[in-house]
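J.: If you read the sequence shown in my numbering, its first letter stands for residue 51, the second for the next number, and so on.
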Amino acid sequence: MHIGQVAARTELSLRTIRHYDEVGLVRPSARSQGGFRLYTEADVARLMVIRRMKPLGFTLEEMGELLAVTDRLDAGGAAAPEAAERERLLARLGRFERAAHERCEALRTQLSRAEEFAADLRRRAGQLTGDNA
Numbered sequence: 051m052h053i054g055q056v057a058a059r060t061e062l063s064l065r066t067i068r069h070y071d072e073v074g075l076v077r078p079s080a081r082s083q084g085g086f087r088l089y090t091e092a093d094v095a096r097l098m099v100i101r102r103m104k105p106l107g108f109t110l111e112e113m114g115e116l117l118a119v120t121d122r123l124d125a126g127g128a129a130a131p132e133a134a135e136r137e138r139l140l141a142r143l144g145r146f147e148r149a150a151h152e153r154c155e156a157l158r159t160q161l162s163r164a165e166e167f168a169a170d171l172r173r174r175a176g177q178l179t180g181d182n183a
């Protein structure tokens, strides 16, 4: 699929998708004869991983590392990792999972504080305007 279709599906801007290509996070699987980027479902799945990591504050380097870990773990046949490497990769994946969980908890705390603030403002505005609803 073309980059516009990918942008619509992932809710990422064309510029962001191009940037991820430039930094090597998600390269299109092919190019058309005219040089246009062509993406597969696997490419879209990689972009979705990145999109989900971004609000949690993961760096581009960390995103690339996680993608490399999952690529190695998903490799089959002769490319499959040996047992020791697989254990190391699974441990790294576990660290990413824990970091994601911790960052989600921090965001929940921030959201709760923001909602309290919005409710305080709503109450204050109601008191000042005489609307106590």
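Yeah, the Cβ is synthetic: ideal placement off N, Cα and C, and Gly gets one too.
Which residues bound the alpha helix (DSSP H) around Val94?
T.: If you number the sequence shown from 1, residue 94 lands on position 44. Looking at the DSSP string, the run of the alpha helix (DSSP H) that includes Val94 is 91-103.
J.: Where Arg142 and Arg102 are concerned, what is the direct C-alpha to C-alpha distance, given to the nearest angstrom?
T.: Translated into positions along the sequence shown, residue 142 becomes position 92. Translated into positions along the sequence shown, residue 102 becomes position 52. The straight-line gap from Cα to Cα measures roughly 18 Å.
J.: For the alpha helix (DSSP H) that contains Met113, what are its first and last residues?
T.: Here residue 113 refers to the residue found at position 63 of the sequence shown. First-last of the alpha helix (DSSP H) with Met113: 110-124.
J.: Excluding the 5 residues flanking Glu155 on each side, which residues of the same chain have their C-beta closer than 6 Å to its C-beta?
T.: Walking along the sequence shown from the start, residue 155 turns up at place 105. There are no such residues.
J.: Cα-Cα, which of Arg65, Val119, Leu97, Arg158 is closest to Ser79?
T.: Counted from its first residue, the sequence shown places residue 79 at position 29. It is Leu97 whose Cα lies nearest to the Cα of Ser79.
J.: In angstroms with no decimal places, state the Cα-to-Cα distance between Tyr70 and Asp170.
T.: Here residue 70 is taken as the residue at index 20 of the sequence shown, counted from 1. Here residue 170 is taken as the residue at index 120 of the sequence shown, counted from 1. Rounded to the nearest angstrom, the two C-alpha atoms are 40 Å apart.
J.: Mapping the DSSP letters down to three states, classify Ala130 as helix, strand or coil.
T.: In the sequence shown, the residue the question calls residue 130 occupies position 80. Ala130 falls in the coil class under three-state DSSP.
J.: Leu171 by DSSP, collapsed to three states: which one?
T.: Position 121 of the sequence shown, counting from 1, holds the residue named residue 171. Helix, per DSSP.
J.: Who are Leu178's beta bridge partners in DSSP?
T.: Residue mapping note: residue 178 aligns to position 128 of the sequence shown, counting from 1. Answer is none; Leu178 lacks a bridge partner.
J.: How big is the Cα-Cα spacing for Ala149 and Phe108?
T.: In the sequence shown, the residue the question calls residue 149 occupies position 99. In the sequence shown, the residue the question calls residue 108 occupies position 58. Looking at the two C-alpha atoms, the distance is approximately 9 Å.
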